[in-house]
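Following: one structure in structure tokens, then a few remarks.
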Amino acid sequence: MCGIVGYTGQLQAAPVLLNGLKHLEYRGYDSAGIAVLNDGAIEMTKTSGKVDALIEKVQEIGGMPGISGIGHTRWATHGVPNEVNAHPHLSQDGRFAIVHNGIIENFAVLRKELEDKGVVFRSETDTEVIVQLLGIYYEGDIKKALLRTVSRLEGSYALGVLSSDEPGTLYAARVASPLIIGIGAGENFFASDITALISHTKNVIDMDDGEIAEITPDRITVFDHAGREIKKEERYVSWDVASAEKNGYDHFMLKEIMEQPASLKAAIEPRIRAGAIVFDELDLDMKKYDRVMITACGSAYHAAVVGKYLIQKLCRIPVDAEVASELRYEDAVIDERTLAIVISQSGETADTIAAMKKCKDAGASVLAIVNVVGSTIAKLADSVIYTWAGPEIAVATTKGYTTQVAVLSMFAVWAAHETGRMDEALFKKMTADIRLIPKLAQRALDLNARVKKLAEKYHDQPSLFFIGRNLDYAVCLEGSLKLKEISYIHSEAYAAGELKHGTIALIEPGRLVVALCCYEELFDKTVSNIQQVKARGADVLAVAPEGNRRIFAEANASLPVPRTDPNLVPVIEIIPLQLFAYYVAKRNGCDIDKPKNLAKSVTVE
Ligand code: G6P
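Everything in the sequence shown is counted per my numbering, starting at 2 for the first residue and increasing by one.
Take a look at the structure:
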């Protein structure tokens, strides 16, 4: 997790680094720091807390002059988030400063080895061993010392190095953590991700595992682990600057919720031609598989649960949805007749990568559904469907999730047709319904004012439940997570029929139960469950298709969502729940875009 950025060029480095760190804060925000080379000496400013605190500190000291430097925003793994443990870290002789994203698994052994050699450590971090090794190995050739240093490291890293011995030159290295080099004119950059650089350049080089880069204002040279120069392709990033800014919204989360009609259109439209779903990017023989395993973490896992219900129902093939951190250590039955579908917004989630590798090793074909182009998961998969959601900055995902679900829905319909399980007429009808999703999402957003009022009414609930069956249940998982991760209100998602087997004991007068009733095949069953909780004094907020009078008569409050094919409800149904979480958190004064203890991209186990 953590975000790193580096700059070398003609501009003052500190403002470029601080601005870059602001855009990387979604990766971690418990402490931050920058190091700049000024008159041949490394100068550092670090602080606990968010990047704004660092910006203030740099202003207080009157700025940090210098035209090359490195920066870091942290999500603590080793050592509390205080100023000492914040990056950059310095070598004992002060010659090198380093920023690091990842985890050095053998740091304890290396630390002991270095301490035995007389190195005195300042911090509790795993990162400091890297810079101390570099200091010890350095004999006048930084590249050589860096290659030797990284050969000792076990674990994951994206590193940036600044040295007082080579003004204007930065070094960067990566294994299993995201790292790109940004190409400018008379200036160059490195960063964990393009959002840090997009106001400067859209031309990037993707670093691969085992590579190191030497970066000066005019030249970027990449080497393999043996120090041989390698030729790298440049990539142009199509994301625009505005998409990484708030554009007048109070929070990125609200902006991203509101962007959903556009992001869904970007995910759906290019894949519909002549009334049929087309995946140009896929070369899959669906008849080859007798089983599908979908794996992911967090909200992407909730999208996986939607995928499980849909693919199973439409393709008549067994489908499992497994949390990646479990699948990676499970004895799951996976072989060459398994299609593994891996879902990830960032494409960098450590557990998801591990689960994916496990599926691959067992012989499965791996299809990745990913947002970030060129990410690790996209690179390792046999085939990729990009969700085209654009940059997502708020830690709580919204458009990332809905585009995943939209792509999964399209895939389920496409696969059912491919395998002969869906006739032409239904295929065309469902394709037409899918095409309408962006418009319906816009109509779901029209519930904004109504949701805001409900949030006002229910913002002080101590704990609540989301109940539903089948696809509604899958959406409950995500609706509940949205609320708890940004408002810190305890909430649970329950399969509506399961509530009575124990948990109903927690229902008491005034407790809010959000009942999802859009999957109309099981509507009557969910209504029975609503009556059960109402009989125990609960307040029910129903989310149901427009015009469903019966449910609106049963519930204390309601959110009528636009009607669509019952198999396509999740994308539409989650939108008012995202807004509900947003307004409850806002009413309660929470830090919506950066909820406590979380990070958007979880690159540690
Ligand atoms: C973190 C984020 C979640 C996200 C999950 C998986 O926990 O806070 O919003 O769903 O990681 O991330 P991915 O990038 O793999 O979709």
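Each residue gets a CB set at the ideal place from its N, CA and C atoms; glycine is no exception.
{"Query": "Ranges of the alpha helix (DSSP H) found wholly within the stretch 471–496, counting only runs of at least 4", "Result": "472–488"}
{"Query": "Own chain partners of Arg28 with C-beta closer than 8 Å, once the 5 adjacent residues on each side are dropped", "Result": "Met2, Cys3, Gly4, Thr74, Trp76, Asn102, Ser193, Asp194, Ala600, Lys601, Ser602"}
{"Query": "Heavy atom of the ligand G6P within 7 Å of Leu599 beta-carbon", "Result": "yes"}
{"Query": "Beta-carbon proximity list for Lys58, same chain, < 7 Å, skipping 5 on both sides", "Result": "Thr46, Thr48"}
{"Query": "Whole-Å CB distance - Thr9 paired with Leu111, under 8 Å assumed", "Result": "Wrong, their Cβ atoms sit about 28 Å apart, outside the cutoff."}
{"Query": "Where the alpha helix (DSSP H) through Val151 begins and ends", "Result": "143–152"}
{"Query": "Terminal residues of the alpha helix (DSSP H) in which Pro262 lies", "Result": "261–269"}
{"Query": "Bridge partners - Gly1, DSSP secondary structure assignment", "Result": "Residue 1 cannot be examined here, being either before or after the span of the chain that is shown, 2 to 606."}
{"Query": "Sub-8 Å separation of Leu437 and Arg470 beta-carbons", "Result": "no"}
{"Query": "Touching by the beta-carbon criterion (3+ pairs, under 8 Å), the stretch 213–231 and the stretch 405–418", "Result": "no"}
{"Query": "Val605 versus Ile344, Pro262, Ser157, residue with shortest Cα-Cα distance", "Result": "Ser157"}
{"Query": "For Tyr387: DSSP bridge partner residues", "Result": "Val371"}
{"Query": "Any non-hydrogen atom of the ligand G6P closer than 7 Å to Thr350 Cβ", "Result": "yes"}
{"Query": "Spatially closest choice to Tyr387 from Arg274, Ser347, Glu323, Asp424, by CA coordinates", "Result": "Ser347"}
{"Query": "Inter-stretch contact (C-beta, 8 Å, three-pair minimum) for the stretch 33–42 and the stretch 62–71", "Result": "yes"}
{"Query": "Range covered by the beta strand (DSSP E) that runs through Asp362", "Result": "Asp362 -> not in any beta strand (DSSP E); alpha helix (DSSP H) instead, spanning 351–362."}
{"Query": "Any non-hydrogen atom of the ligand G6P within 7 Å of Cys298 CB", "Result": "yes"}
{"Query": "Contact under 8 Å by Cβ, Asn589 with His460", "Result": "yes"}
{"Query": "Beta-carbon proximity check, Tyr474 vs Ala496, cutoff 8 Å", "Result": "yes"}
{"Query": "Whole-angstrom distance between Cys316 and Glu212, CA atom to CA atom", "Result": "42 Å"}
{"Query": "Buried/exposed call for Gly538, threshold 16 Cβ in 10 Å", "Result": "exposed"}
{"Query": "Beta strand (DSSP E) segments (min. 3 residues) lying fully within the stretch 83–111", "Result": "97–105"}
{"Query": "Any 3 or more C-beta pairs closer than 8 Å across the stretch 547–557 and the stretch 413–432", "Result": "no"}
{"Query": "Member of Leu328, Ser345, Ile295 whose CA lies at the smallest distance from the CA of Lys400", "Result": "Ser345"}
{"Query": "Environment of Glu215 [buried if 16+ CB atoms lie within 10 Å]", "Result": "buried"}
{"Query": "Cβ-heavy atom distance, Val603 to the ligand G6P, below 7 Å", "Result": "yes"}
{"Query": "Backbone secondary structure at Gly590 - three-state DSSP", "Result": "coil"}
{"Query": "Residue of Ser32, Pro168, Ala177, Leu134 minimising C-alpha distance to Leu381", "Result": "Ala177"}
{"Query": "Counted within 10 angstroms of its Cβ, other Cβ atoms place Val452 as buried (16 or more) or exposed", "Result": "buried"}
{"Query": "Selection from Ile56, Ile99, Ile370, Ile199 that minimises the alpha carbon distance to Ser239", "Result": "Ile199"}
{"Query": "Nearest neighbour of Pro439, chosen from Ala267, Ala42, Pro16, Ile131 [CA to CA]", "Result": "Ala267"}
{"Query": "Any 3 or more C-beta pairs closer than 8 Å across the stretch 82–92 and the stretch 117–126", "Result": "yes"}
{"Query": "Distance cut-off 7 Å: Gly401 Cβ against heavy atoms of the ligand G6P", "Result": "yes"}
{"Query": "Cβ-heavy atom distance, Ser165 to the ligand G6P, below 7 Å", "Result": "no"}
{"Query": "Nonlocal neighbours in the same chain, by C-beta distance under 7 Å from Glu282, ignoring five residues either side", "Result": "Ser384, Val385, Ile386"}
{"Query": "Between the CA atoms of Ile131 and Val514 - distance to the nearest angstrom", "Result": "51 Å"}
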